[in-house]
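Chains as they are written, first to last, in UniProt numbering: chain A, 1 to 326; chain B, 1 to 326.
All remarks here apply to the structure that follows.
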């Protein structure tokens, strides 16, 4: 099942169910917002699936309309909680290089921070930021949205609470990041609001591409129209089941908790490229002695698109946006 | 003006205005929740103040009742954002001792992390946590609640967006804290939900005790009925105006953003005591070579009460709660 949220002038928007081909959408009268659906997912899911089936089979439903991704907000336009992992070791190792820090541990427990969740920008929104001097960077990653997860749940139980899958652009200010990181307190200024591609999908939509609680897909990233990366997201050191269980150790997770993978990255980064600029700069530091690729300038664009292993487009729609002076 | 939120079975509760003596309370029909009031504070504040004046002068108002702190939730039972500083250098220096880490910088920019804000526990709620072995600790601190703060605002502008003042118990799991801190990602597992004393007040309620964007008050902390600390909160290295402006560097702050001071602490900690157990353990490490005070056991209680400099009780009501097996 594919879900999106249309802009209706309200902070949580209007939840719509999409047809299988994502050309049509329709609201469900009982579930006006995705947050409300997630708060009662066992009731909401069958009702939403029935509407999706009707829309896909008959091509119509009450208030059905063509789905226009340009009118979509983030699937969950705001959430009570955003916990972002850093589950790709090749990314972590490169970031330690670019930030001149010791390598982070990847053998015992996931890395995770709590980030800004009072808004998620749409995949096409302009992104207002204060200064090019801060080292503006995109970060392509995948994420999951849970329903209510009890404190202390196991990894296996956690897997069952992963209800929706999303594609995220986690904006970062790289010149502030190491300053905040060295305090041990994590990031505040270095992590403004994330953007999210327009369509959230249930795990079954990915078929075999959702396996081991990981997205077995490539993430295609273009910067100013030039291919920048095509890394595979299956390389996570910890699966999303482990990330959810880690997050729930000492807290219940509220419905609509969003948990991210961290920047998609492969050890073969010299061949497949990267999902953020900082990684390329780290590779340049390793290979050429100094970073030469600049961070983003105002007006720069970034485009992200998930790709199945056979090259078909993933179901999330695209992130395609520019950064502007805020 | 004094505000509180009563439990009405809904997540945001029922906002009530208190009489000046905090004996009576009444709802305002136009402002059912504190979040809604904060989203339109310039409209809401005069209406709520008019009700408070009526209640204080006449002793009655529609739906007025005796204010029962035991029925109160946290003033803001959930918020879109909780950003906690660590603005007391004597606390930071002692924590570096207890965590065996280098001292943190206090000379340039505030320390701040983003924490769990999907719920704030009431000041009297039992606090369920997974294990005594995690090093369960209270942390007494003060906090402010803002209305909408634009990105990039100055310290002076930020001061004007501080709308309400609160007393917070920021629960911490001390054996996890340094593990998470050493990654640079900040705390997730080490920082479960905070508790908040029942009454939020506008800054004018403190009179001269709100000065330099700091609480010029003592925080009295008792652990299992024994006095533990009576530190003065005026010793912040950065005022709340600076904390708010720091938080708003690369993000707008949504109405209802809660910003904390970090544990109240004084350099005279050997005389005035501490607002958390970890500090006392650090002092023992410095003075006696090893920590001997244990962290909390299930069933332990902590009580926190703000005190004016002349010894009068502060207006926030009390935190008085026990920690239980979750």
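Virtual Cβ for every residue (Gly too), placed ideally from N, Cα, C.
query: Residue span of the alpha helix (DSSP H) that contains residue 288(B), given as start and end; result: 277-288
query: Through-space distance from residue 321(B) to residue 301(B), alpha-carbon basis; result: 5 angstroms
query: Under 7 angstroms (Cβ pairs) to chain B, residues found in the region 185-212 of chain A; result: 185, 186, 188, 189, 192 and 193
query: Simplified DSSP state of residue 182(A), which is helix, strand or coil; result: coil
query: First through last residue of the beta strand (DSSP E) which encompasses residue 164(A); result: 162-169
query: Contacting positions in the region 241-256 of chain B - beta carbon closer than 8 angstroms to chain A; result: 246, 247, 249, 250, 251 and 254
query: CA-to-CA distance, residue 24(B) to residue 163(A), given in whole angstroms; result: 45 angstroms
query: Interface positions of the region 147-167 of chain A facing chain B (Cβ-Cβ less than 7 angstroms), listed along the chain; result: 151 and 152
query: 8 angstroms Cβ cut-off: residues of chain A touching residue 111(B); result: 183 and 185
query: The beta strand (DSSP E) enclosing residue 36(B), as first and last residue numbers; result: Residue 36(B) -> not in any beta strand (DSSP E); alpha helix (DSSP H) instead, spanning 34-39.
query: Simplified DSSP assignment, three categories, for residue 228(B); result: strand
query: Against chain B: residues of the region 67-81 of chain A by CB proximity under 8 angstroms; result: 78, 80 and 81
query: As assigned by DSSP and simplified to three states, the class of residue 142(A); result: strand
query: Status (buried if at least 16 other CB within 10 Å, exposed otherwise) for residue 63(A); result: exposed
query: Beta carbon of residue 112(B) nearer than 9 angstroms to that of residue 188(A); result: yes
query: Beta-carbon spacing of residue 408(A), residue 22(A) below 9 angstroms; result: No answer is possible for residue 408(A): the residues shown for chain A start at 1 and end at 326.
query: Beta bridge counterpart(s) of residue 218(A) as assigned by DSSP; result: 232(A) and 307(A)
query: Cβ distance (whole Å) where residue 119(A) is taken to contact residue 70(A) below 8 angstroms; result: Actually they do not touch by this definition, with Cβ atoms about 18 angstroms apart.
query: Contact with chain B by residue 261(A), beta-carbon distance below 9 angstroms; result: no
query: Start and end residues, alpha helix (DSSP H) containing residue 95(B); result: 89-98
query: Inter-residue spacing [alpha-carbon to alpha-carbon] between residue 262(B) and residue 88(B); result: 7 angstroms
query: Contacts that residue 118(B) makes with chain A (C-beta to C-beta distance below 7 angstroms); result: 80, 81 and 254
query: Pairwise C-alpha distance: residue 98(B) and residue 177(B); result: 11 angstroms
query: For residue 211(A), the three-state DSSP class (helix, strand or coil); result: strand
query: Where the alpha helix (DSSP H) through residue 241(A) begins and ends; result: 240-247
query: Bridge partner(s) assigned by DSSP for residue 112(B); result: 85(B)
query: Short CB-CB distance (under 9 angstroms) between residue 179(B) and chain A; result: yes
query: Residue environment, residue 224(A), which counts as buried when at least 16 other CB atoms sit within 10 Å; result: exposed
query: CA nearest to the CA of residue 267(A), picked from 282(A), 26(A) and 56(A); result: 282(A)
query: Cβ-based contacts, 9 angstroms cut-off: residues of the region 15-46 of chain B near chain A; result: none
query: Within chain A, the residues that residue 115(B) reaches when beta carbons sit closer than 9 angstroms; result: 114
query: Helix, strand or coil at residue 200(B) according to DSSP, with G and I counted as helix; result: strand
query: Whole-angstrom distance between residue 159(A) and residue 42(A), CA atom to CA atom; result: 15 angstroms
query: Top-ranked residue by Cα proximity to residue 155(A), from 235(A), 106(A) and 242(A); result: 242(A)
query: With 16 other Cβ atoms within 10 Å as the buried cut-off, status of residue 103(A); result: exposed
query: Chain B contact for residue 294(A) (CB, 9 angstroms cutoff); result: no
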